[in-house]
Amino acid sequence: MDHLLTADERAFRDELAATLRRIVPADLRDRNAADRELARDDFVAAQKALHAAGLAVPHWPAEWGGRGWTATQRFLWMHEIQVAGVPQPLPFNVDMIGPVLCAFGSGAQKARFLPATAALDIWWCQGFSEPGAGSDLAGLSTRAVRDGDAYVVDGQKTWTSYAQHADWIFALVRTDPAAPRKQMGISFLLIDMGTPGISVRPIRTADGRHEVNEVFFDSVRVPAANLVGAENRGWDVAKFLLANERHAIAGVGLCRLRLGRAAALMAAPGPGGRRAADEPALAGRLARHEADLAALETLQLLALKGLPAGAFGAAEHAASVLKIRGTELQQATTELLLDLAVRVRPEAADDAARGYFSMRKVSIYGGSNEVQREILAKAALGV
Ligand SMILES: Cc1cc2nc3c(=O)[nH]c(=O)nc-3n(C[C@H](O)[C@H](O)[C@H](O)COP(=O)(O)OP(=O)(O)OC[C@H]3O[C@@H](n4cnc5c(N)ncnc54)[C@H](O)[C@@H]3O)c2cc1C
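Under the numbering used here, the first residue of the sequence shown carries the number 249, and numbering increases by one thereafter.
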């Protein structure tokens, strides 16, 4: 992608790449790059190292730690984090609730939460999806009823990533069941996970890990001061948040990292001295994925050129294409890595299998790929 960058952007990227390798320990980067499961402390250590270097929230407004970068610089920041194997700053903190509070939070909410959110002193989780509300998120039914200076919350969230680690959850709740449109009766609440009445139940996924959970609310009292934006206007907040979520999911840097590992496995002699690179079908797959990645990088950079960093959400249709193609490529590269590990380095096959299973999720969350195709089809047909 060098030809798409200016000399200044290339220098910016190279300096970033060197800084990331200096400030985040190699052991942590290697474990993350190899798709090993990380502990809470690993994520916190990585984000604190980034934060100390001014690299945890460069896309936030300047008064809360932002750097005033262009959209291209922001892309290069995430790309280099991924290529270096650095655990990404927690998206629930830095891409979701942080920008939401900057845009919609009260002065008191900003002062209370933003510094701790940037430093990962508070770990947030996202309470949007429910058993009956995923793609059709506005159909959610968790209720919040006003009682004096508090809301009383009852209901259930599901697929809540890392709820087992979380200190706080930001949740969409129904505050007006009688609203004429279901989008209109929803509010956005900040809820302390330590509040009586909250329980978390793990969901084990196909990769054997504990990443997602069910979260239950049983008469949970939430101070009314924890409402973000106006009551019954939470859908506006949610739409803002989801637009920010989608741009980061393409995972261009992750594909670059994994294709680099695939190329190394290709060239390595396997049992009997035979190299995978000598098998045309495997070599062809790597070449095809390299070409797809070059196309993806080009599309992403062209979509961003000239946009300020905060304008990601506006490029909605480019974001849908990037989400679909990026997640398909993430799945294809982990599949190739698994096939190569089985042939060339069987002792690495367990990690490769976990990476393969783990990437099945990426075409589902952040707005499923089928729903993204529907968005694109409607835009193309003008309906
Ligand atoms: C690993 C993982 C982590 C997650 N983490 C979180 C989290 O932290 N917080 C949170 O709130 N949520 C989280 N989610 C939930 C995620 O956002 C939902 O899974 C997603 O929105 C899809 O909703 P659903 O699972 O209810 O599937 P459904 O909406 O029931 O969809 C089922 C199938 O139907 C298809 N479909 C649905 N509608 C349409 C349509 N209009 N046109 C064509 N096809 C359609 C979908 O593409 C899908 O294939 C996570 C999910 C996963 C897998």
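We put the beta carbon where it would ideally sit given N, CA and C, even for glycine.
8 Å Cβ cutoff met for GLN374 and THR390: No, the pair does not count as a contact, with Cβ atoms beyond the cut-off.
Endpoints, the beta strand (DSSP E) within which TRP416 is located: For TRP416, the enclosing beta strand (DSSP E) covers residues 416-422.
Burial state of GLY630, where buried means 16 or more other Cβ atoms lie within 10 Å: Counting the other Cβ atoms within 10 Å of the Cβ of GLY630 gives fewer than 16, which makes it exposed.
Contact set for ALA297: own chain, Cβ-Cβ below 7 Å, skip 5 residues either direction: The residues are ILE271, VAL272.
Touch test, the segment 586-594 against the segment 518-530, Cβ-Cβ under 8 Å, three pairs minimum: Put simply, the segment 586-594 touches the segment 518-530. At least three CB pairs are less than 8 Å apart.
For LEU303, the three-state DSSP class (helix, strand or coil): Three-state result, LEU303: coil.
Local conformation of HIS413 per DSSP, three classes: In the structure shown, the three-state DSSP call for HIS413 is coil.
Rounded separation between PHE605 and ARG394 - CA only: CA-to-CA, the gap between PHE605 and ARG394 works out to about 42 Å.
The segment 333-342 contacting the segment 287-296, beta-carbon criterion three pairs below 8 Å: The segment 333-342 is in contact with the segment 287-296.
Best match in ALA266, ALA300, PRO339, ALA580 for proximity to LEU507 [C-alpha to C-alpha]: Checking every option, the nearest Cα to that of LEU507 belongs to ALA580.
Residue from ASN461, LEU586, ASP402 whose Cα sits closest to the Cα of SER409: The candidate whose alpha carbon is nearest that of SER409 is ASN461.
Beta-carbon spacing of THR406, GLU378 below 8 Å: Yes. Within cutoff.
Cα-Cα separation between ALA510 and LYS358, rounded to whole angstroms: Going by the C-alpha atoms only, they are around 44 Å apart.
Three-state class that DSSP yields for VAL468 in the structure shown: Of the three classes helix, strand and coil, the one that applies to VAL468 here is strand, per DSSP.
Local Cβ density within 10 Å of HIS307, reported as buried at 16 or more and exposed below that: That one is buried.
Residues near GLY518 by beta carbon distance below 8 Å, same chain, minus five either side: A distance below 8 Å between beta-carbons, with the five flanking residues on each side excluded, links GLY518 to the following residues of its chain, in chain order: ALA524, ARG591, VAL592, ARG593.
Buried versus exposed call for LYS626 [16 or more other C-beta atoms within 10 Å across all chains shown]: So LYS626 counts as exposed.
Cut-off 7 Å between Cβ atoms - residues of its own chain near HIS537, not counting five sequence neighbours on either side: LEU507, LEU577, ALA580, THR581, LEU584, listed in sequence order.
Runs of alpha helix (DSSP H) wholly within the segment 500-583 (minimum 4 residues, chain order): Counting only runs of 4 or more, we get 500-515, 528-552.
Presumed contact (8 Å Cβ cut-off) between ILE439 and ASN480, rounded CB distance: Contact annotation, ILE439 with ASN480: C-beta distance approximately 18 Å; criterion of less than 8 Å not satisfied.
Cβ neighbours of ALA562 in the same chain (closer than 7 Å, five flanking residues each side left out): Here ALA562 scores only 46 on pLDDT, less than 50, and its place in the model is too uncertain to base an answer on.
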